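Residues -11 to 185 (our numbering) are what the sequence shown spells out, left to right.
Just so it is clear, CB atoms sit at the ideal spot from N, CA and C, and this is done for glycine as well.
As the structure is a computational prediction, the values presented were derived from the model and not from experiment.
Have a look at the structure below before the remarks.
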Amino acid sequence: MTKNPLKERLKDKKIILGSGSPRRKMFLEELGLDFEVRPKSVEEVYPEALQGKEISEYLAKLKATPFLKELEPNQIVITSDTVVWHNNTSLAKAADKAEAIEMLRTLSGHWHEVITSVCFSTKDAQKTVSGVTRVRLKDFSDDEINYYIDTCQPFDKAGAYGIQEWIGMIGITEIQGSYTNVVGLPTDLVYKTLMEL
-11 MTKNPLKERL KDKKIILGSG SPRRKMFLEE LGLDFEVRPK SVEEVYPEAL QGKEISEYLA
49 KLKATPFLKE LEPNQIVITS DTVVWHNNTS LAKAADKAEA IEMLRTLSGH WHEVITSVCF
109 STKDAQKTVS GVTRVRLKDF SDDEINYYID TCQPFDKAGA YGIQEWIGMI GITEIQGSYT
169 NVVGLPTDLV YKTLMEL
């Protein structure tokens, strides 16, 4: 039987996913990787001057920091952060329903960028890559926004929405770039980077 090229490439490595995201876990499983899920909490604060990709790259590296002292030579830790960037503003996770409504009203009818940065850390090196996807949403009615928030509770997602959920099915009119990047992991870049590591 033909072997998975990525699994073969990493057969002597131990992969650690430093994230509790079920979507990132699912993508690594679908890439055929054996890995351990080991999230560590960090306070996700970044310098105010950072813009767009700089924010997600800073936070992806920050999430790797607690692992760096304990990494063994054969380990690779993967940490990641997603930012929704619109009108020169980062839309993070909504704290409550009112904030989620405000975010979705802001994105409604417009293009925005979803940026996911992935940091690969080993004992000796660190590499960060970023995927950028442009997404256009239709104009949402308040009823649609309220229904979505009440049924899906999207408070763990940047920009207060998940492309793979109801709102994505009814509301995404155009997408330029990687779909998996919007869900939370640019799998093409992850594959390419792991093959090159």
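Within 10 angstroms of the Cβ of residue i, are there 16 or more other Cβ atoms? Answer buried if so, exposed if not.
{"i": "ASP69", "result": "buried"}
{"i": "LYS(-1)", "result": "exposed"}
{"i": "TRP99", "result": "exposed"}
{"i": "ALA37", "result": "exposed"}
{"i": "PRO201", "result": "The requested residue 201 does not occur in the structure, where the chain is confined to residues -11 to 185."}
{"i": "ALA48", "result": "buried"}
{"i": "LYS115", "result": "exposed"}
{"i": "LEU182", "result": "buried"}
Using the C-alpha atoms, what's the distance from residue j back to residue i?
{"i": "LEU5", "j": "GLN39", "result": "26 angstroms"}
{"i": "THR110", "j": "ASN134", "result": "44 angstroms"}
{"i": "ASP176", "j": "LEU16", "result": "11 angstroms"}
{"i": "VAL171", "j": "VAL72", "result": "11 angstroms"}
{"i": "LYS28", "j": "LYS51", "result": "7 angstroms"}
{"i": "GLY159", "j": "LEU59", "result": "42 angstroms"}
{"i": "PRO54", "j": "GLU31", "result": "11 angstroms"}
{"i": "ASP130", "j": "SER96", "result": "10 angstroms"}
{"i": "THR(-10)", "j": "GLU90", "result": "50 angstroms"}
{"i": "GLU(-4)", "j": "GLU18", "result": "15 angstroms"}
{"i": "ASP22", "j": "LYS2", "result": "8 angstroms"}
{"i": "ASP112", "j": "VAL106", "result": "17 angstroms"}
So is the beta-carbon of residue i under 7 angstroms away from any non-hydrogen atom of the ligand MN?
{"i": "THR139", "result": "Absence of the ligand MN from the depicted structure is noted, as is the absence of any ligand whatsoever, leaving it without description."}
Considering only the alpha carbon of each residue, which of the options lies closest to residue i?
{"i": "ALA82", "options": "MET14, TYR149 and LEU50", "result": "TYR149"}
{"i": "ILE163", "options": "VAL72, GLU101, SER129 and ASP176", "result": "GLU101"}
{"i": "LEU173", "options": "GLY119, PHE143, VAL30 and ILE151", "result": "GLY119"}
{"i": "CYS140", "options": "TRP73, ALA88 and ARG(-3)", "result": "ALA88"}
{"i": "ASN169", "options": "SER96, ILE158 and GLN152", "result": "GLN152"}
{"i": "GLY147", "options": "GLU32, ARG93 and THR181", "result": "ARG93"}
{"i": "SER166", "options": "THR104, GLU184, PRO10 and LYS145", "result": "THR104"}
{"i": "TYR136", "options": "GLU42, LYS85 and ARG12", "result": "LYS85"}
{"i": "SER9", "options": "ARG26, LYS(-9) and LYS115", "result": "ARG26"}
**Message:** For the segment 53 to 65 against the segment 122 to 134, do three or more pairs of beta-carbon atoms, one drawn from each stretch, fall closer than 8 angstroms, so that the two count as touching?
**Reply:** Under the Cβ criterion (8 angstroms, minimum of three pairs), the segment 53 to 65 does not count as touching the segment 122 to 134.
**Request:** Run through the segment -7 to 56 for me and flag every whole alpha helix (DSSP H) of 4 or more residues, listed as ranges in chain order.
**Result:** For the segment -7 to 56, whole alpha helix (DSSP H) runs of length 4 or above, ordered along the chain, are -7 to -3, 10 to 18 and 41 to 52.
**Within the segment 68 to 135, ranges of the alpha helix (DSSP H) (whole runs, at least 4 residues)** = Listed in chain order, they are 85 to 95.
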